[in-house]
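Take a look at the structure below.
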Amino acid sequence: MENNPSSSRSDRKSVERDRRSQMRDLFSKLNSVLPHQSSRERISRPDQIGEATAYIKNLQIKLEKMKEKKSNLTDIERSRNDSMNMGLKSPQFKIQQMGSTLEVVLVTGLDCQFIFNETIRILQEEGSDIVNATYTVAENAVFHTIHCQVDESANGALRISEKLENYANGW
Numbered sequence: 047m048e049n050n051p052s053s054s055r056s057d058r059k060s061v062e063r064d065r066r067s068q069m070r071d072l073f074s075k076l077n078s079v080l081p082h083q084s085s086r087e088r089i090s091r092p093d094q095i096g097e098a099t100a101y102i103k104n105l106q107i108k109l110e111k112m113k114e115k116k117s118n119l120t121d122i123e124r125s126r127n128d129s130m131n132m133g134l135k136s137p138q139f140k141i142q143q144m145g146s147t148l149e150v151v152l153v154t155g156l157d158c159q160f161i162f163n164e165t166i167r168i169l170q171e172e173g174s175d176i177v178n179a180t181y182t183v184a185e186n187a188v189f190h191t192i193h194c195q196v197d198e199s200a201n202g203a204l205r206i207s208e209k210l211e212n213y214a215n216g217w
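Numbering (the numbering used here) for the sequence shown: 47 to 217.
Printed below as a string of structure tokens:
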């Protein structure tokens, strides 16, 4: 058996050419699923990989937030159903703090609109700045979502949570 060095060299070149072609195709596929940049200048491969990594991490964070929100909404729906099954009409509060942002979800019956006003009053008494408030009516319940800014250092969210719970228990 005779070793031909030129045959071996051409085989290695062919393998390397195929590997580079495959890598080029894979980079092209990766680039096609990323959001496109507004500039038309070419980005180096390491920068493309860096952008892909950052994009994937951002998607993971968004997914976790969505899962958390879904869980919160499921908990509220479950408690609403429990309340309806037991014939209770007391308001239900779900409070979540994300940094200096506080999200208050209030679930009431159709005949309890003034509870929303009382909730806003309590939030303002505690020094929070209300950013927005929305509501949705579903069957026999009204879902109010209130977003506000609170002072993180002064345990504003804890005080608000306690006051709203006391209000709900006294209802």
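Beta carbons: idealized from backbone N, C-alpha and C, even for Gly. Quantities reported herein were computed from a predicted structural model and do not represent experimental measurements.
In this structure Val150 does not touch Phe162 by the C-beta definition: roughly 10 Å separates them, more than the 8 Å allowed.
Between Glu172 and Lys209 a beta carbon distance of about 7 Å is seen, short of the 8 Å cut, so the two are scored as contacting. Rounded to the nearest whole angstrom, the CA to CA distance from Ala100 to Lys113 is 20 Å. DSSP places Asn178 outside any alpha helix (DSSP H); the residue lies instead in the beta strand (DSSP E), whose first and last residues are Asp175 to Ala184.
Rounded to the nearest whole angstrom, the CA to CA distance from His190 to Lys108 is 23 Å. The three-state reading of DSSP puts Gly145 in coil, since its state is none of H, G, I, E or B. Between Thr154 and Ile192, the C-beta spacing is not below 8 Å. Ser146 sits away from Gln68, with the two beta carbons spaced by 8 Å or more. In the structure shown, Gln159 falls within a coil segment according to DSSP collapsed to helix, strand and coil. Judged by beta-carbon spacing, Ile168 lies within the 8 Å limit of Tyr213, meaning their Cβ atoms are closer than that value. Annotated three-state conformation of Ile192 is strand, per DSSP.
For Phe73, no pairing in a beta bridge is given by DSSP. Listed as beta-bridge partners of Lys140 by DSSP are Val151. Under the 10 Å beta carbon count, Gly96 is surrounded by fewer than 16 other beta carbons and is classified as exposed. By the neighbour-count criterion, in which a residue is buried when 16 or more other Cβ atoms sit within 10 angstroms of its Cβ, Ile206 is buried. If you compare the alpha carbons of Thr182, Gln159, Cys158 and Asp197 with that of Ser174, the shortest gap goes to Asp197.
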